[in-house]
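Below is one structure, written out as structure tokens, with a few remarks after it.
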Amino acid sequence: MQKAPLVFVVAPALMIVYGLVRLLDGLDGQYGPGFLWTLGHLAFLVALFLFGFVVLAARRMVGGGVLATTAAVAGIAGLVCSIAQIGIDIVVGLAADDKAAMRQMFGEVRDVPGVSVAVYGPGPALFYVGLLALVVHLAVVRVVPVWAPVAVLLAIGVAVTSLDLLPVAGLLILVALVALARRASADA
Numbered sequence: 101m102q103k104a105p106l107v108f109v110v111a112p113a114l115m116i117v118y119g120l121v122r123l124l125d126g127l128d129g130q131y132g133p134g135f136l137w138t139l140g141h142l143a144f145l146v147a148l149f150l151f152g153f154v155v156l157a158a159r160r161m162v163g164g165g166v167l168a169t170t171a172a173v174a175g176i177a178g179l180v181c182s183i184a185q186i187g188i189d190i191v192v193g194l195a196a197d198d199k200a201a202m203r204q205m206f207g208e209v210r211d212v213p214g215v216s217v218a219v220y221g222p223g224p225a226l227f228y229v230g231l232l233a234l235v236v237h238l239a240v241v242r243v244v245p246v247w248a249p250v251a252v253l254l255a256i257g258v259a260v261t262s263l264d265l266l267p268v269a270g271l272l273i274l275v276a277l278v279a280l281a282r283r284a285s286a287d288a
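Each step along the sequence shown adds one to the number in the working numbering, with nothing skipped, and position 147 is 247.
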């Protein structure tokens with residue numbers, strides 16, 4: 101498998117890893133700080149960077165155009181917001197001695213004007229909107245099966261329902277992106 105198709109698998113696989121590590125981290129009743137917090141967030145950080153390649157590859161697979169470019173821009177903007185969020189989470193997790201210190205640090209970060217909206221509000225959601233729009237477009241032009249955008253939509257719904265379901269969301273995105281990986285392999 102070449103590089104391009106590989107990111108379609110590795111990105112959601114790392115999302116699954118993050119979700120599973122997050123579940124392990126929460127077994128004691130709290131999330132972070134500590135090794136599992138940092139490990140999970142680092143896995144997700146790499147996943148987010150790889151999803152950037154997925155978004156750009158999906159745009160190319162559609163053939164460009166205004167709709168695909170708009171969806172890709174939204175997706176990349178959401179990824180930038182998500183990367184900022186995960187970066188903050190990693191720094192706070194490393195700097196804090198305990199959960200109380202984490203809460204205080206997160207409060208200080210959220211008090212910075214615009215951060216709550218861009219980093220912890222609708223900003224990161226733009227990635228999922230962009231990805232869904234691209235996969236829908238790919239299904240409309242018959243590059244991927246019609247079930248691929250359904251899987252992405254289900255993944256979004258599952259993730260919004262509970263962060264504890266992130267492994268399921270990652271698995272659903274993996275299922276959808278395997279169709280893109282197959283197409284990318286065929287085009288290579």
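All C-beta atoms in this analysis are idealised placements derived from N, C-alpha and C, irrespective of residue type, glycine included.
Note that the structure is a prediction, hence the values are computed from the model and not measured.
query                                                                                                                                                         : result
Where do the N-terminal and C-terminal ends of the alpha helix (DSSP H) with Tyr228 fall, by residue?                                                         : Ala225 to Val240
So, is Phe135 buried or exposed, given that buried needs 16 or more other C-beta atoms within 10 angstroms?                                                   : exposed
Take the Cβ of Arg203 as the centre, count every other Cβ of all protein chains shown within 10 Å, and call the residue buried at 16 or more, exposed below.  : exposed
If Ala143 and Leu274 are in contact, beta carbons under 8 Å, what's the gap, nearest whole angstrom?                                                          : Contact doesn't hold; Cβ gap of about 14 Å is too wide.
Leaving out five residues on either side along the sequence, give the residues of the same chain with a beta carbon under 7 Å from the beta carbon of Asp189. : His141
Throw me the rounded Cβ distance for the Leu238 and Leu280 pair, which I believe falls under 8 Å.                                                             : 7 Å
Measure the C-alpha to C-alpha separation of Pro133 and Val219 and round it to an integer number of angstroms.                                                : 20 Å
Val212 to Val243, Cα distance in whole Å?                                                                                                                     : 43 Å
Residue range of the alpha helix (DSSP H) that Ala196 falls in?                                                                                               : Per DSSP, Ala196 belongs to no alpha helix (DSSP H) and is neither H nor E.
Between the C-alpha atoms of Ala233 and Ala255, what's the straight-line distance to the nearest angstrom?                                                    : 14 Å
Taking DSSP as the reference, what is the three-state secondary structure of Gly165?                                                                          : coil
If we count the other Cβ atoms within 10 Å of its Cβ and call it buried at 16 or more, is Gly164 buried or exposed?                                           : exposed
May I have the straight-line CA-CA distance separating Val217 from Gly223, to the nearest angstrom?                                                           : 6 Å
Helix, strand or coil: how does DSSP classify Val109 here?                                                                                                    : helix
Do you know how far the Cα of Gly175 is from the Cα of Leu231?                                                                                                : 6 Å
Under the three-state reduction of DSSP, which class applies to Gln130: helix, strand or coil?                                                                : coil
Could you tell me the alpha carbon to alpha carbon distance between Phe108 and Arg159, rounded to whole angstroms?                                            : 13 Å
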